[in-house]
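Accompanying notes for the structure given below.
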Amino acid sequence: MFKGKTVLVTGGSGYIGSEICRAFSRYGAEVIFTYSKNEKAAKALQKELKKSKAISVNMRDVKDITDKIEALPRVDVLVNNAGTSAVMPLALLEEEDVDLMLDVNVKGMIFATRAAARGMIRRKAGSIVNLGSLAGERMLDVPATYAASKAAAGGFTMALASELKRFNIRVNCVVPGLMEGGVAKGVPDELRADFVRHCAAGRSGKASDVAEAVCFLASDKASYINGQKLFVDGGV
Ligand SMILES: NC(=O)c1ccc[n+]([C@@H]2O[C@H](COP(=O)([O-])OP(=O)(O)OC[C@H]3O[C@@H](n4cnc5c(N)ncnc54)[C@H](OP(=O)(O)O)[C@@H]3O)[C@@H](O)[C@H]2O)c1
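Here the sequence shown stands for residues 41 to 276, numbered as in the working numbering.
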């Protein structure tokens, strides 16, 4: 499905990102992925996947994002997956907490897209998939700043899909529910049980559930799908 294509996945060292990299690799892509602190996981994944390359990118640093991504010879597919979350009640919020959340989840996504899309615009071809979250779509017990940052992925997706349509670039968004790991690792048992009770599939999501949806939206099989949100939440 992706033979001869280069896919860039941000946050490939994480729970969902590493599974997205594995899926694209299985479908024949050359996979380039970013990491930040978890060099060990990144190196292990690079070793595991045949045609892959790990690059260290600080998603809070616009210059680092731009320099490293624009230096890549070609990006056919971009997956904006890198993200962060933290439990922080509103009354205790400090400005730096909000900055961290918005820098990584919103600003990082926007500038990674700018860097990768410049080549796509020149070639008049490409596909972008952003990671949203059910947290940004429903009234849930989640950190409000995280919800705000993930809701931004939906708006960014729709407007950008419209802006880039004349360059033959599609932009879509995958909206995961509560997953088994990653940013959802510390979710209290009672909240997870509540999610599972309201989920038609009767379980938390797996990274592979999300990875397959991302690959589908990025592929030519989804050539008539643009500016959409695909919920991967087991039916809530
Ligand atoms: N897990 C869930 O239940 C869930 C649900 C809905 C949506 N999502 C979304 O799915 C995406 C992946 O999350 P995940 O659950 O797989 O989390 P994760 O395991 O914590 O992975 C997060 C990834 O983002 C990278 N990252 C974080 N801060 C960074 C920074 N400042 N600079 C560069 N990279 C940074 C991490 O790199 P290092 O580890 O190398 O630092 C890691 O690769 C996120 O966008 C998240 O919002 C997750």
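A virtual CB, placed ideally from N, CA and C, is assigned to each residue, including glycine.
The structure displayed is predicted, hence computed values, not measured ones.
Does the structure place the stretch 225 to 243 close enough to the stretch 68 to 81 that three or more beta carbon pairs sit under 8 Å? no
Could you check whether the stretch 222 to 238 touches the stretch 255 to 268, counting it as contact only if at least three pairs of C-beta atoms, one from each stretch, sit closer than 8 Å? no
Alpha carbon to alpha carbon, what distance is there between Phe64 and Gly123? 19 Å
Check the C-beta distance from Ala94 over to Ala82 and give it rounded, since I have them as a contact under 8 Å. 4 Å
Does the beta-carbon of Gly194, which I'm using as the reference point, lie nearer than 6 Å to any heavy atom of ligand 1? no
Tell me whether Thr74 sits in a helix, a strand or coil according to DSSP, three-state version. strand
Would Asn208 and Val169 be called neighbours here (beta carbons separated by less than 7 Å)? no
Quick check: what's the CA-CA separation for Cys61 versus Met128? 30 Å
If the criterion is Cβ atoms closer than 7 Å, does the pair Gly172 and Met99 meet it? no
As an exercise, report each continuous beta strand (DSSP E) stretch of at least 3 residues that is fully enclosed by the stretch 198 to 243, in chain order. 209 to 216
Beta strand (DSSP E) containing Ala69: first to last residue? Run containing Ala69: none; DSSP gives neither H nor E here.
One or two residues paired with Ala94 in a DSSP bridge: Phe73
Residues of its chain near Ile183, where Cβ-Cβ distance is below 7 Å and the 5 sequence neighbours each way are ignored: Strictly speaking, residue 183 in this sequence is Pro, with Ile absent from that position. Here the set comprises Ser125, Ala126, Val127, Met128.
Report yes if the C-beta of Thr124 is less than 6 Å from at least one heavy atom of ligand 1; otherwise report no. yes
Sequence-distant residues of its chain with Cβ nearer than 8 Å to Asp137 (five each side left out): Ala126, Met128, Thr185
Could you check what DSSP says for Val146 in three-state terms: helix, strand or coil? helix
Verify the contact flag: Ala63, CB atom, against every heavy atom of ligand 1, threshold strictly below 6 Å. no
Using a Cβ-based criterion (distance less than 6 Å to any ligand heavy atom), does Leu171 qualify as near ligand 1? yes
Cα separation between Gly54 and Lys225? 12 Å
Less than 6 Å between the CB of Leu142 and some heavy atom of ligand 1, yes or no? no
To which residues of the same chain is Lys164 closer than 7 Å at the C-beta, ignoring the five residues directly before and after it? Phe207, Asn208
Which residue from Ala193, Arg162, Lys43 puts its Cα closest to that of Glu177? Ala193
Can a CB atom of chain D be found closer than 7 Å to the CB of Ile109? Absent here is chain D; the protein component of the structure consists of one chain.
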